[in-house]
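Colleague: Shown below is the structure under consideration.
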Amino acid sequence: MAQHPKHYSMLSRLLGSVGIGLVQQRGAKIWYNPYVPLEDELVKYGIMSVDDLCADLLDWETLYVSGRMHKPVALITSDARVRLAQQVNLASALRTALLLLPKEFTEVELYTQIASLSYTGDFRMSVPGGENSNKVRNIVVNQREEFRRLYAGLMRNLGTLSVEEINGNRFKITQDDSVSTRASYAARLPRCLRQKVQDHYTSQPNLDPAFLKLSLSKTLDTVPRRPSSIEREETLNAFWRAVVQRGEFGQVLVQKIAETVKGPAWSQSLKGIYTAGFTRTLRYVGAKIGKAGRNRISRSRATQSELKSTMIGCA
Numbered sequence: 244m245a246q247h248p249k250h251y252s253m254l255s256r257l258l259g260s261v262g263i264g265l266v267q268q269r270g271a272k273i274w275y276n277p278y279v280p281l282e283d284e285l286v287k288y289g290i291m292s293v294d295d296l297c298a299d300l301l302d303w304e305t306l307y308v309s310g311r312m313h314k315p316v317a318l319i320t321s322d323a324r325v326r327l328a329q330q331v332n333l334a335s336a337l338r339t340a341l342l343l344l345p346k347e348f349t350e351v352e353l354y355t356q357i358a359s360l361s362y363t364g365d366f367r368m369s370v371p372g373g374e375n376s377n378k379v380r381n382i383v384v385n386q387r388e389e390f391r392r393l394y395a396g397l398m399r400n401l402g403t404l405s406v407e408e409i410n411g412n413r414f415k416i417t418q419d420d421s422v423s424t425r426a427s428y429a430a431r432l433p434r435c436l437r438q439k440v441q442d443h444y445t446s447q448p449n450l451d452p453a454f455l456k457l458s459l460s461k462t463l464d465t466v467p468r469r470p471s472s473i474e475r476e477e478t479l480n481a482f483w484r485a486v487v488q489r490g491e492f493g494q495v496l497v498q499k500i501a502e503t504v505k506g507p508a509w510s511q512s513l514k515g516i517y518t519a520g521f522t523r524t525l526r527y528v529g530a531k532i533g534k535a536g537r538n539r540i541s542r543s544r545a546t547q548s549e550l551k552s553t554m555i556g557c558a
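If you want my numbering, it's the 1-based position in the sequence shown plus 243.
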């Protein structure tokens, strides 16, 4: 703020760095400054501590920033911790997406599943003036090559995927969907998401003997960031094997992702009134509503055009 005071709202400047520090720790722990002029353009940028960023990348505490970094981004930091944490984040996104996909799927379906993780449970996807309902599809379609560069190496290293070219630069993927492979994915979910899934099933010990056994085990108390020697024991192995064989597991996983996203998405939006200021917030919301209206008009025209073509064809 001392370097760029004009980037901050009047309210932010009045409350000073102490007030900003207190507000920044709410929600996703990031402070956004919108409508900042930079080389004849208006940009929106966020400020976040390296420690908080790495925690979200590794553990998916909020999936707010880590989810955005599942998509192609320009990583300009030279901090080695961030680069390493980002690789863990991408691998986590890939494994989570595979748990939600069938045995066979297309490359686009994989990237769409990955890109949609951070929007699961985000209220802005369903309110007027919120996010474009086609946003995920547009991200993937317009950046397929970038997604490919981001995940190709991780897919090869995973060793559980078979990729087949089906039509000029289009690929079908077949995954190993055995219980042991899916259980290994689930056991390596990011810590916060893994804790939520584990708590869901250990709170229902009557569903499976493995759930009962873990609910009575000391390993239930804390879920470490990475699998430990304790987690490799029979109790946890049996637990995750039982979990991935549950018919509702996919729904539970989506539900827990939504729970992770929902709170920070709400709090960040409310925090935006303070961080951006009332005038900038109205401007931002107005721009979103206008864009949403234009998207609806475009979709309506496209639908009318399709109907007209169909009627002509029938005639």
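Positions of the beta carbon are idealized from the N, C-alpha and C atoms, including for glycine.
Quick one: measure Cβ to Cβ for Ala-340 and Leu-300, integer angstroms, because I've assumed they're closer than 8 angstroms.
Modeller: For the purposes of this step, residue 340 is taken as the residue at position 97 of the sequence shown. For the purposes of this step, residue 300 is taken as the residue at position 57 of the sequence shown. That pair is no contact at about 16 angstroms.
Colleague: Distance check for Val-351 and Thr-608, CA to CA, integer angstroms please.
Modeller: Residue 608 lies beyond the range of the chain shown here (244 to 558); nothing can be said about it.
Colleague: In this structure, what does DSSP give as the bridge partners for Val-325?
Modeller: Taking the sequence shown and counting its residues from 1, one reaches residue 325 at position 82. None, per the DSSP bridge assignment.
Colleague: Go ahead and label Asp-294 buried or exposed: buried means 16 or more other beta carbons lie within 10 angstroms of its beta carbon, across all protein chains shown.
Modeller: Position 51 of the sequence shown, counted from the first residue, corresponds to residue 294. So Asp-294 counts as exposed.
Colleague: So, helix, strand or coil for Leu-496, using DSSP?
Modeller: For the purposes of this step, residue 496 is taken as the residue at position 253 of the sequence shown. It is helical.
Colleague: Between Val-422 and Leu-432, is the Cβ-Cβ spacing less than 9 angstroms?
Modeller: Taking the sequence shown and counting its residues from 1, one reaches residue 422 at position 179. Taking the sequence shown and counting its residues from 1, one reaches residue 432 at position 189. Contact: no.
Colleague: Could you tell me which residues DSSP pairs with Arg-413 in its beta bridges?
Modeller: Taking the first residue of the sequence shown as 1, we reach residue 413 at position 170. In DSSP, Arg-413 forms a bridge with Asn-410.
Colleague: Cutting at 8 angstroms between CB atoms, please list the residues of its own chain near Leu-296, excluding the five before and the five after it.
Modeller: Taking the first residue of the sequence shown as position 1, residue 296 is located at position 53. The residues are Val-308, Val-325, Ala-328.
Colleague: Between which two residues does the alpha helix (DSSP H) holding Thr-563 run?
Modeller: With the chain represented from 244 up to 558, any question about residue 563 goes unanswered, as that position is not in the structure.
Colleague: Check whether the region 479 to 499 and the region 445 to 457 touch, using three or more Cβ-Cβ pairs below 8 angstroms as the test.
Modeller: The region 479 to 499, when compared against the region 445 to 457, does touch it at the 8 angstroms Cβ threshold.
Colleague: For the alpha helix (DSSP H) that contains Thr-478, what are its first and last residues?
Modeller: The residue you call residue 478 lines up with position 235 of the sequence shown. Note, Thr-478: alpha helix (DSSP H), 477 to 487.
Colleague: Can you look up Thr-363 in the DSSP assignment and give me helix, strand or coil?
Modeller: Here the question's residue 363 lines up with position 120 in the sequence shown. DSSP places Thr-363 in coil when its eight states are reduced to three.
Colleague: For Ser-361, does the count of other Cβ atoms within 10 angstroms reach 16, so buried, or fall short, so exposed?
Modeller: As a working mapping, residue 361 is identified with position 118 in the sequence shown. That one is buried.
Colleague: I need the straight-line Cα distance from Met-398 to Leu-459, nearest angstrom please.
Modeller: Position 155 of the sequence shown, counted from the start, is the residue given in the question as residue 398. Position 216 of the sequence shown, counted from the start, is the residue given in the question as residue 459. Taking the straight line from one Cα to the other gives about 37 angstroms.
Colleague: Report all residues from its chain with a CB closer than 6 angstroms to the CB of Leu-285; omit the five preceding and five following residues, and keep chain order.
Modeller: Locating residue 285 in the sequence shown gives position 42, where the first residue counts as 1. Correct list, in chain order: Tyr-278.
Colleague: Should Lys-346 go down as buried or exposed, given a rule of 16 or more other Cβ atoms within 10 Å for buried?
Modeller: On the sequence shown, residue 346 is found 103 positions in, with the first residue counted as 1. Lys-346 comes out exposed.
Colleague: With a floor of 3 residues, list each beta strand (DSSP E) that falls wholly inside the region 276 to 319, ordered by position along the chain.
Modeller: Runs found: 284 to 290.
Colleague: What three-state label does DSSP hand Ser-335 in the structure shown?
Modeller: As a working mapping, residue 335 is identified with position 92 in the sequence shown. DSSP places Ser-335 in helix when its eight states are reduced to three.
Colleague: If you draw a straight line from the C-alpha of Ala-508 to the C-alpha of Leu-457, how long is it?
Modeller: Looking up residue 508 in the sequence shown gives position 265. Looking up residue 457 in the sequence shown gives position 214. Those two C-alpha atoms are separated by around 32 angstroms.
Colleague: From Arg-387 to Tyr-354, what does the alpha carbon distance come to, in whole angstroms?
Modeller: One-based indexing of the sequence shown puts residue 387 at position 144. One-based indexing of the sequence shown puts residue 354 at position 111. Their Cα atoms are separated by approximately 8 angstroms.
Colleague: Can you give the Cα-Cα distance for Asp-322 and Ser-292, rounded to whole angstroms?
Modeller: What you label residue 322 is simply residue 79 of the sequence shown in a count that begins at 1. What you label residue 292 is simply residue 49 of the sequence shown in a count that begins at 1. Straight-line Cα distance between these residues: approximately 12 angstroms.
Colleague: If you reduce the DSSP assignment to three classes, tell me which class Thr-349 lands in.
Modeller: Within the sequence shown, numbered from 1, the residue matching residue 349 stands at position 106. The answer is strand: DSSP assigns Thr-349 an E or B state.
Colleague: Ignore the nearest five residues each way along the sequence and tell me which others in Leu-404's own chain have a CB closer than 6 angstroms to its CB.
Modeller: Here the question's residue 404 lines up with position 161 in the sequence shown. Same-chain partners within the cutoff: Met-398, Ile-416, Gln-418.
Colleague: Using three-state DSSP, classify Leu-343 as helix, strand or coil.
Modeller: As a position in the sequence shown, residue 343 is number 100, starting the count at 1. The answer is helix: DSSP assigns Leu-343 an H, G or I state.
Colleague: Take Leu-496 as the anchor and find which of Arg-437, Lys-505, Gln-447 has the nearest alpha-carbon.
Modeller: Mapped onto the sequence shown, residue 496 falls at position 253. Among Arg-437, Lys-505, Gln-447, the Cα nearest to that of Leu-496 belongs to Arg-437.
Colleague: Between Leu-393 and Leu-333, is the Cβ-Cβ spacing less than 9 angstroms?
Modeller: Start at 1 with the first residue of the sequence shown, and residue 393 comes out as number 150. Start at 1 with the first residue of the sequence shown, and residue 333 comes out as number 90. Closer than 9 angstroms, so yes.
Colleague: How would you label Asn-385, buried or exposed, when you count the other beta carbons within 10 angstroms and need 16 or more for buried?
Modeller: Locating residue 385 in the sequence shown gives position 142, counting from the first residue. Label assigned to Asn-385: exposed.
Colleague: My guess is that Phe-390 and Val-383 are in contact by the Cβ rule of under 8 angstroms, so how many angstroms apart are they, rounded?
Modeller: To locate residue 390, count along the sequence shown from 1; it is residue 147. To locate residue 383, count along the sequence shown from 1; it is residue 140. Confirmed, Cβ separation roughly 7 angstroms.
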